[in-house]
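Residue 214 in my numbering sits at position 151 of the sequence shown; the count goes up by one each step and never skips.
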Amino acid sequence: MRLPSIPNLVRTFYAFSNSTFRAAPAPLRSAGLLRPIAQKSMPTIPFLGALFGTSQRNDMSYPLKKSDDEWQAQLSPEQFRILREKGTEAPFTGKYDKHAPSSGVYTCAGCSAPLYKANHKFKSGCGWPAFFDAIPGAVTRHTDNTFGMARTEIVCSNCGGHLGHVFKGEGYPTPTDERHCVNSVSMNFAAEDGEGKQ
Numbered sequence: 064m065r066l067p068s069i070p071n072l073v074r075t076f077y078a079f080s081n082s083t084f085r086a087a088p089a090p091l092r093s094a095g096l097l098r099p100i101a102q103k104s105m106p107t108i109p110f111l112g113a114l115f116g117t118s119q120r121n122d123m124s125y126p127l128k129k130s131d132d133e134w135q136a137q138l139s140p141e142q143f144r145i146l147r148e149k150g151t152e153a154p155f156t157g158k159y160d161k162h163a164p165s166s167g168v169y170t171c172a173g174c175s176a177p178l179y180k181a182n183h184k185f186k187s188g189c190g191w192p193a194f195f196d197a198i199p200g201a202v203t204r205h206t207d208n209t210f211g212m213a214r215t216e217i218v219c220s221n222c223g224g225h226l227g228h229v230f231k232g233e234g235y236p237t238p239t240d241e242r243h244c245v246n247s248v249s250m251n252f253a254a255e256d257g258e259g260k261q
């Protein structure tokens, strides 16, 4: 018998702990649309919640201010869940996890502010895009004490959108000895970073 791989186990635990479902409303059932509707998207197992999300909201003020209704109109449901509700995408599923360009800029999916240069990205094997540094002033750090674990949350300095977490001292051969673990959903990528252009 072959055992499942670690990434598959993590994805499975994440999927089961990240959502609960309720039955479809009567009009959908009568129309033959019997799919479940997500009722909530907060982790239900505390240990996994500590790994895959941030429950605290920071009341800091950011230059770009929008109401939750405005953000919901602009963002996809998954972007809203991660950027505004501080969720996390499943590991090894993000479109930028294995993305490895030699130049360009990763920008905030909420406000298009530049966050990371492509040459700051490195292969960490953690399941999310990893960067050893951010564009100066682009990322703000907050202490996240969710479930009693001290972590450092990173958000976009322009709109406050949740990006992920930063970890220090893991021994990667990078100039800063930091790993900015960022959700792919929180970012977009621009092939040209604009340097040297007029």
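Glycine included, each C-beta is placed from N, C-alpha and C at the ideal position.
{"Asked": "CA-to-CA distance, Val-245 to Lys-129, given in whole angstroms", "Found": "22 angstroms"}
{"Asked": "Selected residue, minimal CA-CA separation from Phe-194, among Asn-251, Phe-155 and Thr-239", "Found": "Thr-239"}
{"Asked": "For Glu-255 and Phe-115, the rounded distance between their alpha carbons", "Found": "Residue confidence for Phe-115 is low, a pLDDT of 48 falling below 50, so the modelled location carries little weight; the figure read from the coordinates is stated next. The straight-line gap from Cα to Cα measures roughly 31 angstroms."}
{"Asked": "Where Pro-192 falls, given that 16 or more other Cβ within 10 Å makes a residue buried", "Found": "buried"}
{"Asked": "Within the segment 204–241, ranges of the beta strand (DSSP E) (whole runs, at least 3 residues)", "Found": "214–219 and 225–231"}
{"Asked": "Identified DSSP bridge partners for Thr-170", "Found": "Pro-177 and Asn-251"}
{"Asked": "Rounded separation between Met-212 and His-225 - CA only", "Found": "18 angstroms"}
{"Asked": "For Phe-143, three-class secondary structure by DSSP", "Found": "helix"}
{"Asked": "Sub-9 angstroms separation of Val-202 and Ser-187 beta-carbons", "Found": "no"}
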